[in-house]
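Enquirer: Going left to right, the sequence shown walks through residues -20 to -1, 1 to 393 as mature numbering (1 follows the signal peptide of the UniProt record, and there is no 0) numbers them.
The beta carbon of each residue, even a glycine, is placed where N, CA and C say it ideally should be.
My questions will all concern the structure given below.
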Amino acid sequence: MKRNILTLSLLSFISLSAIAQKDEIKNAEDFIEDGNFDKAKTELATAEQKLSEANDKWTERFYLYKAQAYLADGSGVSVDDFKTAGDAYKKAVEMGSDDAQEGLANLRNQLVQSAIDDQNSENYKSAADKLVASYDLNKQDTIYLYYAAANSLNGQNYDDALKYYEQLRELNFDGASTQYTALNNETGERESMSKEQRELMMKTGNYSEPKDEKQPSKRGEIAKNIALIHIQEGNNDKAIEAMDDAKANNPDDLGLLQAEANMYYQMGDKEQYNQLMSELVKKNPNDANLYYNLGVSTAEIGDQDQAVEYYKKALEIDPDMDNARMNIAAVILSKERDIIEEMNGLGMSKEDNKRYEELSEERKEIYKEALPYLEATVEKNPENTDAIRTAMNIYTQVGNKEKAAEMKAMLEQ
C-alpha cells in the first residue's frame, strides 16, 4: 500500500514538473512576441534544467524559441549568440520542425551578411569568426571557411589564417566553380544568380546576355598563402615543405606552379622564381601577366634588356597593359643614372666640356627612346599622372616647350 502511495506521489511530482515546464516555454514564447528577449532566455534556462522530462512536441518548441530568443531583433547579435541560436535550430530541425529549417536558413544568411558588413568595415576578426560559425552549421559550405581564412589573413591574424587554410588543404578544397550572370536591362548592371534562377529571369524579358564565367581553382592560392604565412614567420623550410606537398597532390595545377614561383620571389630567390616562371610561360604562353611578372623580377636581378623583352611580349598579348609600357620607360630611363654620375664628375677642361656635350646627346637619345612609351600611356590613359609628369619633364629637358606646356595643363586639370 505504501508503495502505491509513493508511486502516485512520484507521478504527481512529474506531472507538476512537466506542467511547470510547459508554462515556462509558453512564457518564453510570449516574451519573444513582446520583444523581451532577456526574460525569454531566463524562462528557457529554467525549462532547460528539466528538458529531459518534456515530450517531443515541447522539446521541439523549446529549441525553436531558444533560437529566436538568442537572435533577438537581429541587431548586434554576437558570434556566440549566433552559434547558440544555430545549435538550437539544428536540434529542432532534427526533430522535424519546418519552422526551424526556415529559421536556420535565415540565420545563416544573416550570419554571412553580418560577416560581409564586418569585412567592409575592416573588422576582419569578427568577419572570420562569423564565417567559421556559418561553416560549422553546414560543413558542406567550405567556401565560408575559405573566406574566413582570407579575412584572418587580411587582419594579419596569421595563426587563425594558417589553421583555416590547412583545414581547407586537408579537405582537398578546390573552390573552382561556374558563376552564372545576366545583364539587368533596367539597371544596366550584370548580376550573379543560380543557374535555375537565371533561366527564370531570362524568360521575363528583363534580363539579357547570359554568361557562364568560370572561377578558377583556389588550391594554388591556398598553398601560396600557407607558404607566405610560414615565410612571414621565418619558417622557409616549412613553406617549401607545404608547397611540395600541395604539388604532389596536384601536379598539373598551374596555379600551384605560380604560387611556388611567388614563394621563391618572397624568399628573395629571384633566379628560382624566373626558372619557374619560364616553365609556366611555356605551359601558358598567352598570359600577358606572366610575361609582365617575369619582366619585374628580371629587372630586379639586373637583367634590364631581358626585362624589356618580357614587357614587350606582354604588350603584344595585351596592348592595353599600361604598367608594362611604364616599366619599359623606367628601364630605359634608368640608363640615365650612369650618365648623370659621369657628367657630375667632369671638370672644366676643354676635353671635359667636349665629353659633357657627348653625354648630353646620349641623355637626349635615352629620352627620345622612352618618350613613345610615355606618350602611348598618356594617350590611352590621360588620368595617369605619373606618365604625364615624366613626359613633361622630358619635354622640358629636350626643349620642346609646347609639349611640356600641354603636359602641364593636363596635370593642372
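Kindly list the residues whose CB is nearer than 8 angstroms to the CB of A113, restricted to its own chain and excluding five residues on each side of it in sequence; keep chain order.
Expert: If we look at A113 and ignore the five residues flanking it on each side, its Cβ neighbours are V59, F62, K63, G66 and L91.
Enquirer: Starting from P352, follow the alpha helix (DSSP H) in both directions and report where the run begins and ends.
Expert: K330 to K360 is the extent of the alpha helix (DSSP H) around P352.
Enquirer: With a 10 Å radius around its C-beta and 16 neighbouring C-beta atoms as the bar for buried, classify R317 as buried or exposed.
Expert: So R317 ends up on the exposed side.
Enquirer: With a threshold of 8 angstroms, are at least 3 pairs of Cβ atoms found where one atom belongs to the segment 342 to 358 and the other to the segment 303 to 310?
Expert: The answer is yes - the segment 303 to 310 touches the segment 342 to 358, with three or more Cβ pairs under 8 angstroms.
Enquirer: Contact check, H210 vs K218 under 8 angstroms by CB: the rounded distance?
Expert: With a Cβ gap of about 4 angstroms, H210 and K218 count as contacting.
Enquirer: Do we get a CB-CB distance below 8 angstroms when we pair Y45 with the residues of chain B?
Expert: Reference to chain B is not applicable here, since this structure consists of a single protein chain.
Enquirer: Kindly indicate which three-state DSSP category residue 405 falls into: helix, strand or coil?
Expert: The first residue shown for the chain is -20 and the last is 393, placing residue 405 beyond what the model contains.
Enquirer: What do you get for D98, buried or exposed, if any count of 16 or more other CB atoms within 10 angstroms of its CB means buried?
Expert: Burial call: buried.
Enquirer: In three-state terms, what does DSSP make of T167?
Expert: Note: T167 maps to coil in three-state DSSP.
Enquirer: Mapping DSSP to helix, strand and coil, what is Q195?
Expert: Looking at Q195 - three-state DSSP - the assignment turns out to be strand.
Enquirer: Give the secondary structure of L(-11) by DSSP, where H, G and I count as helix, E and B as strand, and everything else as coil.
Expert: Residue placement at L(-11) is poorly supported in this model, since its pLDDT is 38, which falls under 50; the coordinates still yield a value, given next. If DSSP states are grouped into helix, strand and coil, L(-11) belongs with the helices.
Enquirer: Exposed or buried, residue 395, counting other C-beta atoms within 10 Å across all chains shown (16 or more means buried)?
Expert: No answer is possible for residue 395: the residues shown for the chain start at -20 and end at 393.
Enquirer: For Q136, does the three-state DSSP call read helix, strand or coil?
Expert: Note: Q136 maps to coil in three-state DSSP.
Enquirer: Provide the residue span of the alpha helix (DSSP H) that contains K71, from first to last.
Expert: V59 to E74 is the extent of the alpha helix (DSSP H) around K71.
Enquirer: Tell me which residues share the same chain as G135 and place their Cβ nearer than 6 angstroms to its Cβ, disregarding the 5 neighbours each side in the sequence.
Expert: Contacts found: Y104 and K105.
Enquirer: Report, in whole angstroms, the separation of the C-beta atoms of Y69 and G83, which I expect to be a contact under 8 angstroms.
Expert: Between G83 and Y69 the Cβ distance is about 5 angstroms, and since that is below 8 angstroms, they are a contact.
Enquirer: Taking three-plus beta-carbon pairs below 8 angstroms as touching, is the segment 248 to 262 in contact with the segment 212 to 230?
Expert: They do not touch, by the three-pair rule.
Enquirer: What would DSSP say about A304, mapped onto helix, strand or coil?
Expert: Here A304 sits in helix by DSSP.
Enquirer: Does the beta-carbon of M387 have 16 or more other beta-carbons within 10 angstroms, so that it is buried, or is it exposed?
Expert: It counts as buried.
Enquirer: CA-CA distance, residue 425 and E359?
Expert: In the structure as shown, the chain begins at -20 and stops at 393. Residue 425 is therefore absent and cannot be evaluated.
Enquirer: For the candidate residues L142, L151, A141 and A130, whose alpha-carbon lies nearest to that of T122?
Expert: If we check each option's Cα against that of T122, L151 comes out closest.
Enquirer: Using alpha carbons as the reference points, say which of A294, L326, E169 and P265 lies closest to G275.
Expert: Ranking A294, L326, E169 and P265 by Cα distance to G275 puts A294 first.
Enquirer: Quick check on DSSP: helix, strand or coil for S188?
Expert: Three-state DSSP puts S188 in a strand.
Enquirer: Bridge partners of A162, per DSSP?
Expert: In the DSSP output, where bridge partners are listed per residue, A162 has E171.
Enquirer: Under the three-state reduction of DSSP, which class applies to S77: helix, strand or coil?
Expert: Reduced to three states, the DSSP call for S77 is coil.
Enquirer: Confirm, please, whether the CB-CB distance from E40 to S77 is below 8 angstroms.
Expert: Contact flag set, yes.
Enquirer: Can you find the residues in the same chain that come closer than 6 angstroms, C-beta to C-beta, to K383, ignoring five residues on each side of it along the sequence?
Expert: Y375.
Enquirer: Looking only at its own chain, which residues have a Cβ that is under 7 angstroms from the Cβ of L270, when we skip the five neighbours before and after it?
Expert: Taken in chain order, the residues that qualify are M257, L260, V261 and N264.
Enquirer: Short of 6 angstroms in beta carbon distance, which residues of its chain neighbour K175, apart from the five on each side in sequence? Order them along the chain.
Expert: Result list for K175: Y160, in chain order.
Enquirer: Please report the distance separating the alpha-carbon of Q286 from that of E345.
Expert: Each residue's Cα considered, the two are about 20 angstroms apart.
Enquirer: Are the beta-carbon atoms belonging to A49 and I12 less than 8 angstroms from one another?
Expert: Cβ atoms of A49 and I12: closer than 8 angstroms.
Enquirer: Looking at the structure shown, is S157 part of a helix, part of a strand, or coil, going by DSSP?
Expert: Looking at S157 - three-state DSSP - the assignment turns out to be strand.
Enquirer: Where does D232 sit, in a helix, a strand or coil, going by DSSP?
Expert: DSSP places D232 in coil when its eight states are reduced to three.
Enquirer: Helix, strand or coil: how does DSSP classify I(-16) here?
Expert: Per-residue confidence for I(-16) stands at a pLDDT of 38, beneath the threshold of 50, marking its modelled position as unreliable; no derived number is given.
Enquirer: Give the DSSP-derived three-state secondary structure of E363 in the structure shown.
Expert: It is coil, neither helix nor strand.
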